[in-house]
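Okay, structure first, notes after.
Number of protein chains: 4
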Amino acid sequence: MASDPSFRTERRRTLRVDRLAMAHPGDLSALAALIEEGTVRADEVVAVIGKTEGNGGVNDFTRGYFTQTLMHLLAAHTGRTPAELLRSVPCILSGGTEGVLSPHYVVFSRREAGATERGGALAIGTALGEALPAHEVGRWSHVRSVASTVRRAMADAGIERAQDVVFVQVKGPCITSARAQAAAAAGHAVVSNDPGRSMAYARAAGAFGVALALGEIADDPAQGTALLADFGVACARASVSSGVEVEADEVIVLGHSPAWTGRLRMGCAPMADALDIAAVSQALAPLAIEARPQVRPADRARIAAAFVKCEPDRRGSVRGARHTMLDDTDINAQRHIRGAVGGLVAGVLGDGRIFVSGGAEHQGPDGGGLVAVIAEVPEA
Amino acid sequence: MASDPSFRTERRRTLRVDRLAMAHPGDLSALAALIEEGTVRADEVVAVIGKTEGNGGVNDFTRGYFTQTLMHLLAAHTGRTPAELLRSVPCILSGGTEGVLSPHYVVFSRREAGATERGGALAIGTALGEALPAHEVGRWSHVRSVASTVRRAMADAGIERAQDVVFVQVKGPCITSARAQAAAAAGHAVVSNDPGRSMAYARAAGAFGVALALGEIADDPAQGTALLADFGVACARASVSSGVEVEADEVIVLGHSPAWTGRLRMGCAPMADALDIAAVSQALAPLAIEARPQVRPADRARIAAAFVKCEPDRRGSVRGARHTMLDDTDINAQRHIRGAVGGLVAGVLGDGRIFVSGGAEHQGPDGGGLVAVIAEVPEA
Amino acid sequence: MASDPSFRTERRRTLRVDRLAMAHPGDLSALAALIEEGTVRADEVVAVIGKTEGNGGVNDFTRGYFTQTLMHLLAAHTGRTPAELLRSVPCILSGGTEGVLSPHYVVFSRREAGATERGGALAIGTALGEALPAHEVGRWSHVRSVASTVRRAMADAGIERAQDVVFVQVKGPCITSARAQAAAAAGHAVVSNDPGRSMAYARAAGAFGVALALGEIADDPAQGTALLADFGVACARASVSSGVEVEADEVIVLGHSPAWTGRLRMGCAPMADALDIAAVSQALAPLAIEARPQVRPADRARIAAAFVKCEPDRRGSVRGARHTMLDDTDINAQRHIRGAVGGLVAGVLGDGRIFVSGGAEHQGPDGGGLVAVIAEVPEA
Amino acid sequence: MASDPSFRTERRRTLRVDRLAMAHPGDLSALAALIEEGTVRADEVVAVIGKTEGNGGVNDFTRGYFTQTLMHLLAAHTGRTPAELLRSVPCILSGGTEGVLSPHYVVFSRREAGATERGGALAIGTALGEALPAHEVGRWSHVRSVASTVRRAMADAGIERAQDVVFVQVKGPCITSARAQAAAAAGHAVVSNDPGRSMAYARAAGAFGVALALGEIADDPAQGTALLADFGVACARASVSSGVEVEADEVIVLGHSPAWTGRLRMGCAPMADALDIAAVSQALAPLAIEARPQVRPADRARIAAAFVKCEPDRRGSVRGARHTMLDDTDINAQRHIRGAVGGLVAGVLGDGRIFVSGGAEHQGPDGGGLVAVIAEVPEA
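In C-alpha cells, the structure reads:
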C-alpha cells in the first residue's frame, strides 16, 4: 500500500459544497451569512453553479442579476473588484425553476486540508479559455480550445486520469449579431448568423471538447461535420451552456483525486430519454444511495448537489407517444422539458433543489441527457 | 363457494378501455377506425376521459373542439344527435400536455359479456345530475347533489359497496358572470362572483360529494365551512373538474363488481405531495405491477390508463424548498404542476399517456393529490 | 357615357359583408341566425376571413375548431358535405386577439343584383390552386402557381385590370416534416426542412405571386433569390398566410369592378413601420372617411371590415428605439406585434374588430405591412 | 405684473430630464456616460422612472436588477451608500416592454439655475412617507398617509397650488404573506390576505391619496368603501404602483411652479378607454404639439418623456366588442393592455419610449387611464 498515494501522509486539499436557498435572484444572504460567520471564506470560493427563477431564455436577466450580486459580495470580502472576480470565479447559472424545481445555488470552495493520511475524494478544478473569435465558434478549433481548457482545469484539480473525471461543466461564448457583423467585416464566415443556432453550435463544440479532452474521441477535424448533425456522438460527462455574456469558455471539472481528502464523492449517468428514471439510480450507485423508489431521508441528507441535462426529443415523441413541446407557441420547449425531467429526478431524490438545464446536444444520448449527484459518503 | 356471486354462472357485463392517440384535438380518427372495423360499437361507448393539448385554462378551446368532433362521430354511427349524446355520454377532458405528457383519450365502452362463471372485474357507471342553480354551487346542497349522482352512477355500475369504488371522476358546473347576475336578479347570493374561485368551490363540493356518497364523511351541513378552508378533509378517490360548459354534474364511477367480468382492474392511491413517488407504486400494487424503479415493458403493456390529480402547494414550498409556481406571471401554476407530476409518474410508468389534472382541492392530501391506474391482470 | 359600363343597364352582382361576433371559436350562432332569418343565404357565402382567440402559432386549434363548425353549419343549409365546402369556400383565419382586438369573422356573400344602371362597386372572386408538391413550396414555380390562381380569382370577380385590385388574401401550404420526408424519398429537395421557415417561404412566394399577377414584377425565375432575402421587393396589396392544413393555395381577391353594384368600397395602404398611423388615414381616404385623430361614430358605422398585416422589425428596433419582441421567450413575437399594431389601428378606427395578422414578409414595406378597410360609401 | 413671481429676478431651480436607452436591465452605461462627462451630476439626480423588459408581474426581477445597478452607480459618484440612496431617490419602474415599447429610463435631476428673471417651468418634488403598518394598507389611514406625503413632495417642489400639479407618481407598499402573518399575530386585520389584491388596494389608496392632497375629494373615512368598489371616484393626475420591495410610500410630484425656470412643461389627460386616441392630443395641447395624426419630427424632438396608465376593461369589452385579455391563461392581462395602449400612444408620438403601466384602478376613468407628456417648449 505504500505506493498508493491515497494513504500517504501529505498535504491535501478538500472541497466544500454548500447548496443554498435564495428568496430572489438578488438574494445572496445565505452565502453572506456563511462568510460572515466564517464557515466559508470568500477567497476560497472557486465556482458557483445555480438555478435562478427566470425563463432560461435570451431575455432571462435573473442570471445577470445573481452574478452581479455575487461578485459584489465576494468583492466586499476579498478586496478584489467585481470585474476581476467575474474573470476568475466561474458562475454558471441556468434560468428556469419550472414545476417543483427550487431556486438555489451551489457554492464550491476549496481549502488546504492539512497533512492527512487518507486521500481520495471529490476534487474541483477550473480554467478560463482564451477569448474565442466569433468565426471559430462551433468549429473544430473551438472543440480543441475547449479540450485544452478542460485539461487545464483537470490539472488545476489535480486529476491526472480522464477516467477519474466525473462531470465537466462548460459555459461558452456564442455569436451575437454584433460579433457576426464584426467577423464579416474582417472577412470571416461564422457558422450561423442565427444567435440561437450559434448557441447550439457552441454547446455542441463544448461537448465535443470535453469528449476530446477525456480521450473519448480523436482530434480529427473531419469530425466537425458531426456537430449538430450526428447525435450518436455524445459525451455523457459534459454539461454545457452558452451565453452572450462570455467571450471565452469557462470550465469546471469535478472528479476524484488522491490529492484531495474529505467525504464528498460524485456519480454521473447518461439518461436515455426523458423517462429514464433508472439513470438516477445509476448515478446514485457509487454514492451508496438507493432509491426504492425514493431516496431515504438519511441518504437524502447526504446529498450535496444534483445536476441534470435534458432536452425535448427532436423527433417529436418519447417512446412512441407524441409530445407537444416543440410546437408550443405559449411555453418554450426547454421550459417544458426542465419541468418534466426536474419532476422525475426530484421525485426520486425527494428534493426539488436540482440544477436542471436544457440544450443537451451531444451531452448524453439524443433525446435524453445525463444526471449527476454529489454526496457525502459515510465514514469508512 | 356456491354463495360467492363471482363464481355463479350468470349474465355479466364487461368493460373495454381503449387509450388512443390523437394528432390534434379534432382528430378522432383512431376511434373512427375502431368503430369502422367493428372493434368498438359506438352505442357501447359510455364515457371518454382525455387529455388535449390546450393550456388547460379558461381559454382552452381544445376541449370543446374534441367534444364537438367526438359527438359528431358518435352521432354518425348511432343515429342520435350530437346534442343528445352530449347529455348522455360524459366526455371529461383536461387541457395541457406539459412536458412529456402526450395527447390521448381513453374510451370506455361496455357490453354484455354473455353467461360466464367468473365474475369480479372493473365496472363502470355513469350518471348526470339535475341542473344545479348557480346559488347552490359550492354549498352543501351541491355536495348532496353530487353524492346523489355518485350513488346513481354506482347503481348504474352495479357496485353496491362503497369500498369497491376505486375512482370517481366528476365534472361540475361553475358560476359564470351571466349566471351570477341571473342569481342576483332572482334574489340569491352566490358563493363567489369570481368565476375562477367558483370553479374551485365546485371542485371542492364535488370532492365532498364523493366522500359523502362513499360514507367517508357525514351529511352535516355544518361541514360546509370546510370547503376550501379545511384541507384536512379530503377524498382520495375523487377526481373533480369544473367547467363553464356544463350545467349539471357529470359522474363516472369506476370500481370492482362481481356483476362484471374481464381482466381489467384498477388501483388508486393518495399522493402526499408532488414528490410522492411511492404513491405510484401503491396504486400499482393491486394490479400486481412493480416499479423498480420503472414498470417493466411486459407490465407496461398491461396498463390501460392512468389518472393523476395534483396541485401546486399553496404554502409556496415542497418539503421545505421554495417553489415558484404560484408567483409566475408567464406560466400558469397548473401548467407547472402538471408538467412536474406528469414527468414523475410518466417516468415510473415509462409512458407519457397520463391524464394529469390540476385543481386537486380536497382530492387527496393538501399539496398532493392522487394517482390511479387501470390495467389488465394476468389470467388466473 | 354610353360606353361606360358602369352606367349600362345590365345584370350585376353585389357583395354583402357581415362582420360578426363570436363568444368562442365554435360559436357561429350569429351567422346561423342570419341564415335562419334569411338575411344571408348559405349557398351565397363565398369566403370567410376571421380572427380567433388562439395564440396564432402552430398549436393554435381555434382555427380548426371554427372551420369545422362553419363547414357543418353551411353543410346543414346547403346539402353539400363539410369536405366539399372546405375545398370551395376559403376560410382564412388568423389566431390571436391580443390587447384590444376582438374575436370576430367577416362573411363575404355575393348574389345577383338584378338589372341595374349603376355599376362599379367592391367585387370579390375566389380560386383554389392546384395541389402544390412540397419541393415547389417557396420556389419560383410556387410564385407562378399563386399568380395563376390570383388571375383566376380576378376572373371570378370580374375584375379585368390589375389596378382595380385592392387587396388579395392568400393562404398557402407549407412543408411539414412528413411532406419533407416524402419529397426526399422521391428525390426532391425542399427549400427548408424547418416547418416555420417553410411557412415564411410560402408567405414570401404568395406575396411574389400576387405581385406577379398584378404586373408589379416580371416573371423572372432569377428573382427567386429575393424570396426572404431582398425585402425591398414587396407587394402592398398582398396579405398571405400559410398553414399545415392546406395543400393548395386559396385566394380571395377584392377590388372594384363595373360588373358589381352596391355601396361597398375598399381602400388599402402600405405601412412603413409599426408606428405608421398615417397609413390608416391613407387607407380610409378613398372611402371618404377622415380620422382626426379618430374616425367619427357616423363614419365608423360605415366600416364593414378592416385587415392589417404587420411584423416585428427584424432589425430589432423601431425608429431607432430597441424593441424586445424577437428575444422574448415568454411571448411570441407575432403576438407582440399584433397587439401593438392592433392597438394603434383600433384607436384610429375606434373599434377592436380588426383582422391583424403577422408574418408580413414582402407584404408591404419591411418592418411594416399594410392596412385595408372596407366601408359603405354614402349614396351619391 | 410686478407682483407676478414669474418675472421677478431671484434664485430659481431648473429641472433636467434625460430619457436614456438601456441594452438590458443592468445597463446604466448611458447615465454613467452623462455623469462621467459632467452633463449630469450624480448628487442632483432626484428620481428615476423607467420601463424594464421583464414581465411586469410578481416574478419580474428586472426592476430589482436595474435598481441595484443604479444605486451602485450613484453610490460610486456621491460617496453615499446604495442603501441610503435607495431611501432617498425614488426609482419607480414598470416591467414589460410589450410590442413596440422600448426599454428606457427617465432621469430627473435638478439644480440651482442662478438668478434669472424668467420663472415658471416644470418643477419636481419628492417625498418618502412613514413606514406603513400592513393593517393600514388599503384603508383610509393609508389614503391620508399618501396625501400627506404628496403635500410634502409639493412643498419640496415649491408648488403651492393643487391646480399647478400635473402628474403624481406614487409607489406604495403591499401586504406580503409574511407581513399579513405579523399583523395577525399583533391582533390586526388586513384588508386582504391575497398579495395581488392588496397591491390593487394599495394602488387604490394611492389614487385616493393624491385626490385628497389635490383637493379633489374630501377627507371622509366613509369614502373608504369606494376603494376598489366605486370606480367613478378617480384621480386623472395619479399614477400609482405597488410593490413588495417598499415599506413606505414614495412620491414624485411634477407640476408647474414660478420658482423654477427652463423650457420644460408637462401635459396630462384622462383616457376614457383603451381606444381614446384623442386623450393623447389633449395631453399634447398645452405643449403646443399637434398630432395629425402623428407628431411631426421637429415636435417629437421636443418630447422628453411620456407616461401612460391603462388597464384591461373589467367588464370584458371595449366599446361593445368583447376582448379576451382577462381570460387568457397564456398572457397576463396587464401585458396585453400595455402592448395595445402602448402601440396606440407610440403611433401618435412616433416613438416607443413610453412608460406604460397597468393597474390603473381609480387613476383616470374606469377601463381607461391617463396619458402625460413632458416636452420642451420653444423659446418665447
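Chains as they are written, first to last, in our numbering: chain A, -15 to 364; chain B, -15 to 364; chain C, -15 to 364; chain D, -15 to 364.
Built from N, CA and C at the ideal position, the CB exists for glycine as well.
(request) Express the C-alpha separation of R128 (chain A) and A202 (chain A) in angstroms, rounding to a whole number. (result) If you number the first sequence from 1, residue 202 (chain A) lands on position 218. If you number the first sequence from 1, residue 128 (chain A) lands on position 144. If I take the Cα positions, the gap works out to 11 Å.
(request) Please determine, among D:R(-5), D:R(-4) and D:A16, the residue with the shortest C-alpha to C-alpha distance to A5 (chain D). (result) Translated into positions along the fourth sequence, residue 5 (chain D) becomes position 21. The candidate whose alpha carbon is nearest that of A5 (chain D) is D:A16.
(message) What does the alpha-carbon distance come out to for the pair R71 (chain D) and R64 (chain D)?
(response) Here residue 71 (chain D) refers to the residue found at position 87 when the fourth sequence is read from its first residue. Here residue 64 (chain D) refers to the residue found at position 80 when the fourth sequence is read from its first residue. A straight line joining the alpha-carbon of R71 (chain D) with that of R64 (chain D) spans about 11 Å.
(message) Give me, in chain order, the residues of the same chain whose beta-carbon lies closer than 7 Å to that of T160 (chain D); leave out the 5 immediate sequence neighbours on both sides.
(response) Position 176 of the fourth sequence, counted from the first residue, corresponds to residue 160 (chain D). Closer than 7 Å at Cβ, skipping near neighbours: P179 and V228.
(message) I need the DSSP call for D27 (chain D), collapsed to helix, strand or coil.
(response) Locating residue 27 (chain D) in the fourth sequence gives position 43, counting from the first residue. Correct three-state label for D27 (chain D): helix.
(message) Does V174 (chain B) come out as helix, strand or coil in the three-state DSSP assignment?
(response) Looking up residue 174 (chain B) in the second sequence gives position 190. DSSP places V174 (chain B) in coil when its eight states are reduced to three.
(message) Suppose contacts are defined by Cβ-Cβ distances below 9 Å. Is Q318 (chain A) in contact with G351 (chain A) by that definition?
(response) For this step, residue 318 (chain A) is matched to residue 334 along the first sequence. For this step, residue 351 (chain A) is matched to residue 367 along the first sequence. No. Outside cutoff.
(request) Per DSSP, which residues does Y89 (chain A) bridge with? Please list them. (result) Counted from its first residue, the first sequence places residue 89 (chain A) at position 105. According to DSSP, residue pairing for Y89 (chain A) in a beta bridge involves A:L4 and A:G34.
(request) Could you name the residues that DSSP lists as bridge partners for A244 (chain C)? (result) Residue numbering aside, residue 244 (chain C) sits at position 260 when the third sequence is read from its first letter. Position check: residue 244 (chain C) holds Trp in this sequence, whereas Ala was assumed. C:R(-3), per the DSSP bridge assignment.
(message) Rounding to the nearest angstrom, what Cα-Cα distance links R(-5) (chain B) and E274 (chain B) in this structure?
(response) On the second sequence, position 11 is the one that residue -5 (chain B) refers to. On the second sequence, position 290 is the one that residue 274 (chain B) refers to. Pairing R(-5) (chain B) with E274 (chain B), the inter-Cα distance amounts to about 33 Å.
(message) Between the alpha carbons of K155 (chain C) and L58 (chain C), how many angstroms are there, rounded?
(response) Within the third sequence, the letter at position 171 stands for residue 155 (chain C). Within the third sequence, the letter at position 74 stands for residue 58 (chain C). Answer to the nearest angstrom: the Cα atoms are 21 Å apart.
(message) Does chain D have any CB closer than 9 Å to the CB of T23 (chain A)?
(response) On the first sequence, position 39 is the one that residue 23 (chain A) refers to. With its beta carbon at least 9 Å from every one in chain D, T23 (chain A) lies outside the interface.
(message) Once the 5 residues before and after G190 (chain C) are set aside, which same chain residues still bring their CB inside 6 Å of it?
(response) Your numbering for residue 190 (chain C) matches position 206 in the third sequence. These residues qualify, in order along the chain: V130, V154, G156 and V224.
(message) Taking the alpha carbon of C252 (chain C) as the reference point, which residue from C:I33, C:A258, C:A263 and C:D311 has its own alpha carbon closest?
(response) Position 268 of the third sequence, counted from the first residue, corresponds to residue 252 (chain C). C252 (chain C) has its Cα closest to that of C:A263, out of C:I33, C:A258, C:A263 and C:D311.
(request) Please decide whether S226 (chain A) counts as near chain B, where near means a Cβ-Cβ distance under 9 Å. (result) Numbered from 1 along the first sequence, position 242 holds the residue referred to as residue 226 (chain A). Not an interface residue.
(request) Since I believe G193 (chain B) is in contact with V134 (chain B) (beta carbons under 8 Å), could you give me their beta-carbon distance rounded to a whole number of angstroms? (result) Residue mapping note: residue 134 (chain B) aligns to position 150 of the second sequence, counting from 1. Residue mapping note: residue 193 (chain B) aligns to position 209 of the second sequence, counting from 1. Confirmed, about 6 Å.
(message) Less than 9 Å between CB atoms is the rule here; does G40 (chain D) satisfy it with respect to chain A?
(response) What you label residue 40 (chain D) is simply residue 56 of the fourth sequence in a count that begins at 1. No, no contact with chain A.
(request) Within its chain, find whatever has a CB closer than 6 Å to the CB of G10 (chain D); leave out the 5 residues flanking it on each side and keep chain order. (result) On the fourth sequence, residue 10 (chain D) is found 26 positions in, with the first residue counted as 1. If the five residues before and after G10 (chain D) are omitted, its C-beta is found closer than 6 Å to the C-beta atoms of Y49 and T53, all from its own chain and listed in chain order.
(message) With distance defined between alpha-carbon atoms, name the residue in C:V361, C:A290 and C:A115 nearest to P87 (chain C).
(response) Counted from its first residue, the third sequence places residue 87 (chain C) at position 103. Nearest C-alpha to P87 (chain C): C:A290.
(message) Please tell me whether A258 (chain A) and P296 (chain A) are closer than 9 Å, where the distance is taken between their beta carbons.
(response) Here the question's residue 258 (chain A) lines up with position 274 in the first sequence. Here the question's residue 296 (chain A) lines up with position 312 in the first sequence. Yes, the pair counts as a contact, with Cβ atoms nearer than the cut-off.
(message) Among the candidates C:Y185, C:A146, C:C75 and C:G79, whose CA atom is the shortest distance from the CA of V90 (chain C)?
(response) The residue labelled residue 90 (chain C) in the question sits at position 106 within the third sequence. Considering only alpha carbons, the answer is C:C75.
(request) Output the distance between the C-alpha atoms of M(-15) (chain B) and D148 (chain B), rounded to the nearest integer angstrom. (result) As a position in the second sequence, residue -15 (chain B) is number 1, starting the count at 1. As a position in the second sequence, residue 148 (chain B) is number 164, starting the count at 1. Its pLDDT being 40, under 50, M(-15) (chain B) is placed unreliably by the model, and the measurement read from it follows with that caveat. Using only the alpha carbons, I get a separation of about 20 Å.
(message) Suppose you measure from the CA of A267 (chain B) to the CA of G40 (chain C); what does that come to, to the nearest Å?
(response) What you label residue 267 (chain B) is simply residue 283 of the second sequence in a count that begins at 1. What you label residue 40 (chain C) is simply residue 56 of the third sequence in a count that begins at 1. Computed Cα separation, rounded: 40 Å.
(request) For my contact list, V84 (chain D) and A330 (chain D) are in at a C-beta cut-off of 8 Å; report their separation, rounded to the angstrom. (result) As a first step, residue 84 (chain D) is located in the fourth sequence; it is residue number 100 there, counting from the start. As a first step, residue 330 (chain D) is located in the fourth sequence; it is residue number 346 there, counting from the start. Indeed, because the Cβ distance is near 5 Å, the residues count as touching under 8 Å.
(request) Could you tell me which of B:A107, B:D44 and B:A26 sits nearest to P66 (chain B), measuring between CA atoms? (result) The residue labelled residue 66 (chain B) in the question sits at position 82 within the second sequence. Among B:A107, B:D44 and B:A26, the Cα nearest to that of P66 (chain B) belongs to B:A26.
(request) Counting only the same chain and skipping the five closest in sequence on each side, list residues whose C-beta sits under 8 Å from that of V217 (chain B). (result) Counted from its first residue, the second sequence places residue 217 (chain B) at position 233. For V217 (chain B), where only same-chain residues beyond five positions count, the Cβ hits under 8 Å are F192, A195, I201, Q207, A210 and H346.
(request) Anything in chain B within Cβ reach of T308 (chain D), meaning under 8 Å, just list it in chain order. (result) On the fourth sequence, position 324 is the one that residue 308 (chain D) refers to. N43, listed in chain order.
(request) Between the Cα of V279 (chain C) and those of C:K293, C:H307, C:G336 and C:V237, spot the shortest distance and give me the residue it belongs to. (result) Along the third sequence, read from residue 1 onward, the residue named residue 279 (chain C) stands at position 295. Among C:K293, C:H307, C:G336 and C:V237, the Cα nearest to that of V279 (chain C) belongs to C:G336.
(message) Determine, for R319 (chain D), whether the minimum Cβ-Cβ distance to residues of chain F falls below 9 Å.
(response) Of the protein chains in the structure, A, B, C and D, none is chain F.
(request) Determine, using beta carbons only, whether A139 (chain B) and G109 (chain B) come nearer to each other than 9 Å. (result) By one-based count along the second sequence, residue 139 (chain B) stands at place 155. By one-based count along the second sequence, residue 109 (chain B) stands at place 125. Against a cut-off of 9 Å, the Cβ pair of G109 (chain B) and A139 (chain B) comes out as a contact.
(request) Output yes if chain B places a C-beta closer than 9 Å to the C-beta of S161 (chain D); else output no. (result) Locating residue 161 (chain D) in the fourth sequence gives position 177, counting from the first residue. Closer than 9 Å to some Cβ of chain B, the Cβ of S161 (chain D) qualifies, so yes.
(request) Determine the burial state of A170 (chain B): buried for a count of at least 16 other Cβ atoms within 10 Å of its Cβ, exposed for fewer. (result) Here residue 170 (chain B) refers to the residue found at position 186 when the second sequence is read from its first residue. Within a 10 Å sphere around the beta-carbon of A170 (chain B) sit fewer than 16 other beta-carbons, which makes this residue exposed.
(request) Starting from the beta carbon of Q278 (chain C), find every residue of chain D whose beta carbon is closer than 7 Å, and list them in chain order. (result) Here residue 278 (chain C) is taken as the residue at index 294 of the third sequence, counted from 1. The contacting residues are I261 and A262.
(request) Can you give me the Cβ contacts of R306 (chain A) inside the same chain, cut-off strictly under 7 Å, excluding the 5 residues immediately before and after it? (result) The residue you call residue 306 (chain A) lines up with position 322 of the first sequence. Answer for R306 (chain A): G300, listed in chain order.
(message) Less than 9 Å between CB atoms is the rule here; does L58 (chain C) satisfy it with respect to chain D?
(response) Here residue 58 (chain C) is taken as the residue at index 74 of the third sequence, counted from 1. For L58 (chain C), the nearest beta carbon of chain D is not closer than 9 Å to its own beta carbon.
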